[in-house]
Each structure stands twice: as C-alpha cells, then as structure tokens.
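Undergrad:
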Amino acid sequence: MSQKIQPSELHCLRLQSVWRAAGDDRGVPFCVPPPAGRSSMVQFWKEHSRKATVEEMMLDSHAMELTKQELPEVLSLLPCLAGQRVLELGAGIGRFTSHLLASAAHVTAVDFMENFVEKNRQDNGHHSNASFLQADVTKLEFPLNSYSVIFSNWLLMYLSDEELGLLVEKMLGWLAPGGLLFFRESCNHQSGDCKREFNPTNYRSQGQYSHLVTSAHWTQTEGGQKFGFDIILTKKVQTYVKMKKNQNQICWLLEKVPRPQVTPGGFLTFQQFLDNKQYTRRGILRYEKMFGAGFVSTGGLSTTKEFVDLLNLKPGQKVLDVGCGIGGGNFYMAKTFGVEVLGLDLSENMVEIAMERAIDEKLPMVTFEVADATKRSFEEGSFDVIYSRDTILHIDDKLALFKRFHSWLRPGGQLLISDYCCGEKPWSPTFQDYVQQRGYVLYTPQQYGQFIEEAGFCSVRAEDRTAQFIQVIQTELERAVAIKEEYITEVSEEDYLEVVRGWSDKLKRCNVGDQRWGLFYATKS
4 MSQKIQPSEL HCLRLQSVWR AAGDDRGVPF CVPPPAGRSS MVQFWKEHSR
54 KATVEEMMLD SHAMELTKQE LPEVLSLLPC LAGQRVLELG AGIGRFTSHL
104 LASAAHVTAV DFMENFVEKN RQDNGHHSNA SFLQADVTKL EFPLNSYSVI
154 FSNWLLMYLS DEELGLLVEK MLGWLAPGGL LFFRESCNHQ SGDCKREFNP
204 TNYRSQGQYS HLVTSAHWTQ TEGGQKFGFD IILTKKVQTY VKMKKNQNQI
254 CWLLEKVPRP QVTPGGFLTF QQFLDNKQYT RRGILRYEKM FGAGFVSTGG
304 LSTTKEFVDL LNLKPGQKVL DVGCGIGGGN FYMAKTFGVE VLGLDLSENM
354 VEIAMERAID EKLPMVTFEV ADATKRSFEE GSFDVIYSRD TILHIDDKLA
404 LFKRFHSWLR PGGQLLISDY CCGEKPWSPT FQDYVQQRGY VLYTPQQYGQ
454 FIEEAGFCSV RAEDRTAQFI QVIQTELERA VAIKEEYITE VSEEDYLEVV
504 RGWSDKLKRC NVGDQRWGLF YATKS
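4 is the number of the first residue of the sequence shown in the numbering used here; add one for each residue after it.
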C-alpha cells in the first residue's frame, strides 16, 4: 500500500527534482518574492539596507565596537561545525557567514535584502563551500533532513507569531534528527540607537520565544514519528549587559528530538513540566518562604555556608552551579569569596527570578543560563568547582552527567553535590507514587557515590546526611509556624497549608527509611 505524502513533503520532493535537473543537489532553492502582507517589513529594511554596512545591519551607531565583543561571544555558544551543513537565515551582509564558513562543510546564507546578499557574496563568495540566496524565509522550502545546524541572528523578531510558528515547523523538517537550531533576538524592547521612522519589530519576551519554539512540532510521514525542539541553553549576550546595561539580547540553542506519543501530564518537554507544574513562579516563591530569602534548597543559607566552606574557595576561581535555582548560593559565593559563578537551571521561572535579583545585587561575576546540563557543552577544564544542590534527582543518566562534570573541571577541581536519595527497595507504595509523580530518579547514597567514582573522580566522599535533613525540616516547620500570619498575608493560606503538609510528608518518608539525603564531595586528579 502506498503512503500518503504530506503537501509540504511533496513540495520538497518537487524542489529536489528541480535542483537535480539543474545539476545542483545542495538544497538551494530559487528566489521567492516577499508576500504582500510583509510589505511593511520590506519597506523597513529597504530603508535600512541602502549602504549595506554593519551599522545598518545592527541598527546601532556603536556597531563596530559591539561586534568586536559580541561576535566571538555568540560564536562560542555554537557546537563544533566541522563537517556540518549549515543554513544561515537572515545572514545580512555576512557578519557571521565568514566565521561559519571557516569550519562548516557547507553554508547556505539567506537574506531577503538584495544589497545585503550582494555584499555577503562579494566578501565571502570566494569560498567554495558557500551558497547565497535572496529570499523571504516565510516562503523558503528545502529538502527534508538537509541540514545539521540552522543559525539565525536577529530574524525571528521580524516575523508574526503565525509566521514564526510555521517557520519553526519547517525548520524541524529541514534539520536531521539531532540537528541544532541557534537563534538570537532582541527581546522586550529596542536595543539599537538607530533612529527609526517606524518600527514593525515584534519584541517578544524570552518566555514567549521559548514557548513558541518548543511548542511547535513536525511529524515525519513515514512511521508517523513526531519531532520537536528541546532547549539546550538560553543565555543573555553579556557584551550588551556590560557595554550597554542591556539585559534583552538573548540567545537560544535547541536540539531536534523525537517527541513521545504520550507525555506526562500533557507537557511536551520536561522543562514545560517544571515551569508549569513543580516550579511555577508562585510555587518558587512559596518554597523560598520556607527555605529563606534567595534559596529553594534544603537548609537555605545555613547549609550553603556549611557546604561551601568545604571548598576553600579562592578569589578568581570559576564555579559552575548546576540547578542554581533563584541564585542565593551564587550571590553568597561571589560576595563572600570573590569567585565567578555561572548558574544553570532548566526552569525558565527560576532563572528569570535569579536574573531579577542579579540586577539588585550588582554582581557582574554572577551570570545565569536556562540550560540542560545533560546537553550543554563546555571546554575541558573550564571550571575550578562544580556545585549542585538537590537538583540531579531529576536526571536519569547520572553517570553520563558526572563524566561531563569531570571533563569540565580543571585538574585538582572539586565537585560538591547534595541531593535527594532513597533507601533500599522495596519502597512503600506512597513513596513509589511520590517519586513517579515528581519524575525523580533516586539511588542510595552509596550507589550515588559509586557513580561519581566510576566517572573518574578520586577522594570520593558519599555521606548519608538524612539525620541533618530531618533536623533542617523540623527547623523549617517551626519557622513556618512562627511566620504563619506573615506567610498567609504575603502568599496565601492555601499555599501555607500545602507547604506545611509537604514538609511533614518529607519527615514521614525519612522516618520510614524510604527517603534519604546525601552529601557528595570529590576531586579531579
């Protein structure tokens, strides 16, 4: 029985036959004129593309100065491009094209302004691995699985929500499974100082972009496999933060991954589960009221001081905090010891709050990313310390993660983790249901320590700190009773009762031996 081909796939097949007939199998389509509905955007860029300069491209009089700093910063977030086929959308005059061409197997550079395309061709046309195309991205078509990386800088903000959704679906088709999408946008408001008679740009928030991109999906006809994008990282461009005090230049790196037919709770990604279920903004602030200002991990500042003291931090050292929450530990380490701290968390809500607090703290040595630690990459030896508090319980393959940690640490680097653990099985049905509902992956403290040793660490200490955990929970419950009226006034009575019930359940689980708490310390030889 023949399979039905979707219209978009049929169009791709037709295009492939056109290119093959023309003797070109690189996936470069013919030019398509912009639709009438985008006339305002065309008018805007015609006005700002007459000279084809970097100042026009960036719409900023300080473009050259900014480029020296931000271009290498943005490029540092890309994966290794060696041997990769790259599609660059909104390439402009080629600010990034020449750098992409230096390592990629082939780059197709697309822009819809003729002046920009011709300037890019003049500067980079001598590269044998380059193709240049003038076209409107909303009308582009490429063969399925044509590219391994799609790169876009300041493009999506010139699309409507509907156009963006359709483009994301197309990009899922153009990318091979496991392919990566990188894009950078101006969020919330205008960044460049160029005067504009009118401005049709869509200044979305970081959360809006993340939701729009991760909610899109594409279904492969053969086999019916559904694909979507998972976020690897979301990060502010620090050049704009430092040079212009601008927090609104944001980069994303996402991976094309299979989507299960049925997802827990109806959420497409684990990140959506965290931000809409366990770590809603309201839920985070509810936890903070129990743990203490700035913290969403056991013991708050008191255990943070105790554990950080084990590290003997020195000024200038670099610390990676995996599962940084709302940043309390990061600010403490930076202010007390003068270290640089990069905080990662998969929850956008957590990082959003941390960044809000960072503005008040005025600590440039503390930065934050929305990032998946299991997919984020750093060069070997990037950090002196990797620190994590009650976070890795969410991660399935702990051994693979610990191997990544080992690579990221310098020789002599230190690893310090506290985390939820479990007692020996069988567990009580209540604890089994709790673990499943939260999506936790738990091991005994001894098993946890063995994973760290197997990852290559030495001097591993795996301590069962459940007695301390129980004492801390009791102290936090006593404080909750003392601040009950304040808690109810600032949050709600419903939240107060739910948190107290949750803390009491922790005590029960610990007392029957199901739930444990571990502290783990190790070094890299």
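By construction, the Cβ of each residue, glycine as well, lies at the ideal position given by its N, Cα and C atoms.
1) Indicate the three-state DSSP secondary structure (helix, strand or coil) for E188 in the structure shown.
2) Work out the CA separation of Q87 and R392 for me, nearest whole Å.
3) What are the start and end residues of the beta strand (DSSP E) that includes E258?
4) If I follow the unbroken alpha helix (DSSP H) through V120, where does it start and stop?
5) Applying the 10 Å Cβ sphere with the 16-neighbour rule, what's the burial state of G176?
6) By the three-class DSSP mapping on this structure, what secondary structure does W529 have?
7) Closest to G384 by C-alpha separation, out of Q241, T394, W411, would be which residue?
8) Please confirm if the stretch 372-389 is in contact with the stretch 423-442, defined as three or more CB-CB distances below 8 Å between the two stretches.
9) Can you grab the Cα-Cα spacing for the pair R468 / L522, in whole Å?
10) Would you kindly check if the distance between the Cβ of G210 and the Cβ of T272 is under 9 Å?
11) What are the boundary residues of the beta strand (DSSP E) that includes Q471?
12) If you pair each beta-carbon of the stretch 322-335 with each one of the stretch 345-356, do three or more pairs fall below 8 Å?
13) How would you label E382, buried or exposed, when you count the other beta carbons within 10 angstroms and need 16 or more for buried?
14) Assuming N156 and F99 are in contact, meaning their beta carbons sit under 8 Å apart, how far apart are those beta carbons, in whole angstroms?
15) In terms of DSSP beta bridges, what is S410 paired with?
16) Measure the beta-carbon distance from L104 to N127 and round it to whole angstroms, keeping in mind my assumption that it falls under 8 Å.
17) My output table needs one value for W430: the three-state DSSP class, helix, strand or coil.
18) Can you tell me where the beta strand (DSSP E) with G331 in it begins and where it stops?
19) Please state if the CB of K173 and the CB of L143 are separated by a distance shorter than 9 Å.
20) Of the choices T394, K245, K292, F119, whose alpha-carbon is the least far from that of E73?
21) Where do the ends of the alpha helix (DSSP H) carrying R285 lie?
22) Buried or exposed for G251, please, with buried defined as at least 16 other CB atoms from any protein chain shown within 10 angstroms of its CB.
23) If distances are taken between C-alpha atoms only, which option among T111, A465, D139, H102 comes closest to E117?
24) If you run the structure through DSSP and keep just helix, strand and coil, what is W520?
TA: Once the coordinates are examined:
1) strand
2) 37 Å
3) 252-262
4) 117-127
5) buried
6) Residue 529 is absent from the structure shown; the chain starts at 4 and stops at 528.
7) W411
8) no
9) 6 Å
10) no
11) Taken as a continuous stretch (DSSP letters only), Q471 belongs to no beta strand (DSSP E), being part of the alpha helix (DSSP H) at 469-485.
12) yes
13) exposed
14) 6 Å
15) S410 pairs with nothing; no bridge assigned.
16) 6 Å
17) coil
18) First-last for G331: 331-340, but that is the alpha helix (DSSP H), not the beta strand (DSSP E).
19) yes
20) K245
21) 284-294
22) Note that residue 251 corresponds to Asn in the displayed sequence, not to Gly. Answer is buried; the Cβ neighbour count reaches 16.
23) D139
24) strand
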